[in-house]
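Have a look at the structure below, then the notes.
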Amino acid sequence: MNKPNLKRMWETYVRLSAEDIPLGNHIERMRKEIIPLVSRLKDEGLIDWYCLLIHNYGTGVPTTPDDPNPYLHLRVSFTKDFSKDEVRKYLPTDLPETSPKPASGGSIDGVVKSWLRNDDIAEAWRIIGESTEWIFNMINTFKTDVAVRPCIYPCQIRQFLHYYRNALQMEIT
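Each position in the sequence shown, counted from 1, maps to that position plus 375 in my numbering.
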């Protein structure tokens, strides 16, 4: 994973339903929609960095308070400058009025930039991108036709995450 070019970072949002997360459907959406999209953009040399989080109105999705839905929040760094119309050709959105849009990459909530070597916030974004890359690789290790699919999400994923928690000896909430 490369450091993102902060001037070429864009973000977009894909709506989930409130039921998607407890059922594990958000992971299936990642597998079927987001991972192939990111892979194609990488393979075509259009992006060199990406990250994915899940947010709702209260945590940064540009919707209204009456929209309770969580959203897959995809950020990418393009390898060259694109206009908003060009970016719309590459990135899906369920919020056409407000995304895709240029992403502000100059800070990360909860990360103290002055504590980073060289005050390099792009390096922190690179690490966040690596975590998404790891998650995508983990999701893609599972067969798509496993009969006990509901147990994969979250049972097996929780077990993989156990190894991160164990090595750091921290509770992750």
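Cβ coordinates follow ideal geometry from the N, Cα and C atoms, glycine included.
Please read these numbers as outputs of a predicted model, since none were measured by experiment.
| Item | Value |
| --- | --- |
| With 16 as the cutoff for other CB atoms within 10 Å, does L543 come out buried or exposed? | exposed |
| Pick helix, strand or coil for K518, following the three-state DSSP scheme. | coil |
| State buried or exposed for C426, treating a residue as buried only when at least 16 other CB atoms are found within 10 Å of its CB. | buried |
| Quick one, are the C-beta atoms of Y446 and L391 less than 8 Å apart? | yes |
| Please go through the same chain and pick out, in chain order, the residues whose beta-carbon is closer than 7 Å to the beta-carbon of N577, but skip the five residues on each side of it. | Nothing can be reported for residue 577, as the shown portion of the chain is limited to 376 through 548. |
| Grab me the residues of N444's own chain with a C-beta within less than 7 Å of its C-beta, minus the 5 sequence neighbours each way, in chain order. | R390, L391, S392, A393 and N431 |
| List the whole-angstrom C-beta distance separating M513 from I532, where the pair is believed to meet the contact cut-off of C-beta under 8 Å. | 7 Å |
| What residues match up with L427 in a beta bridge as DSSP calls it? | L449 |
| Give me, in chain order, the residues of the same chain whose beta-carbon lies closer than 6 Å to that of K488; leave out the 5 immediate sequence neighbours on both sides. | D494 and I496 |
| With burial defined as no fewer than 16 other Cβ atoms inside 10 Å of the residue's Cβ, what is the status of S474: buried or exposed? | buried |
| Please determine, among G504, S482 and L416, the residue with the shortest C-alpha to C-alpha distance to L464. | The displayed chain sequence assigns Lys, not Leu, to residue 464. Nearest of G504, S482 and L416 to K464, Cα basis: L416. |
| Return the residue from the list I422, A499, I503 and T519 that minimises the CA-CA distance to T454. | I422 |
| Would the beta-carbon of M364 fall within 8 Å of that of E508? | Look at the range of the chain in this structure, 376 to 548, and you will see that residue 364 is not part of it. |
| To which residues does DSSP link T387 through a beta bridge? | L449 |
| Distance check for R383 and D456, CA to CA, integer angstroms please. | 6 Å |
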